[in-house]
Amino acid sequence: MLSPVVDEDGAPFWEYAARGELRVQACASCGELRFPPRPCCPHCRSFDSEWRLMSGRGRIWSYVLPHPPLLPEYAAQAPYNAVLVELAEAPRIRLVGNVVATPDAPLNSVDPARLRIGAAVRVAFTEVGGLTVPRWLLERS
Ligand SMILES: [Zn+2]
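The letter at position 62 of the sequence shown is residue 61 when you use numbering that gives the first Met the number 0, and the numbering goes up by one with no holes.
Dropping the structure here:
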């Protein structure tokens, strides 16, 4: 089972995800958003942070369709897409995920021909191995 590794800095991200909220860590001093989560602001070096609610909307910045040879646990998941989504509120922040047809659909539920750079997506959540993870749905265009 491939599951994200939850560390101390990132734990709030997963706790909010479990409530169906996509939140990104922000500096409580200068307001800059940062990802992945870490203790110190790279802009002003403050250690004060907060978690800001995102709209859950974004665009596909890039994507790949992994082909064999893949490591065994990835091969068991194939075929699948892996996308980098830039968030509407923070285009410099890009989250890795998968585009699926519905929140609980399998990883191969979207025809890869429908994926394109710039496509609008919105977040959805599902439980994978006891952890609630964000996934991405294509917006109707
Ligand atoms: Zn800062």
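Beta carbons are placed, not taken as given, at the ideal position from N, Cα and C, and that holds for glycine.
Evaluate contact between the segment 7-16 and the segment 28-46, counting only Cβ atoms and requiring at least three cross-stretch pairs below 8 Å. With the cut-off at 8 Å, the segment 7-16 and the segment 28-46 touch.
Helix, strand or coil: which one does DSSP assign to P36? Coil at P36, not helix or strand.
- Message: Please classify P133 as buried or exposed, where buried requires at least 16 neighbouring CB atoms within 10 angstroms.
- Response: Buried.
Notebook entry, point to check: Taking DSSP as the reference, what is the three-state secondary structure of R124?
Noted result: The displayed chain sequence assigns Phe, not Arg, to residue 124. Residue state, collapsed to three classes: strand.
Rounded to a whole number of angstroms, what is the C-alpha to C-alpha distance between G128 and P102?
-> When rounded, the distance between both Cα atoms is 15 Å.
* Which residues DSSP lists as bridging A119, in chain order -> In the DSSP assignment, the residues bridged to A119 are R58.
Checklist entry - Which residues, in chain order, sit with a beta-carbon under 6 Å away from any heavy atom of ligand 1? => result Those residues are C26, S28, C29, E31, C40, H42, C43, S45, given in chain order.
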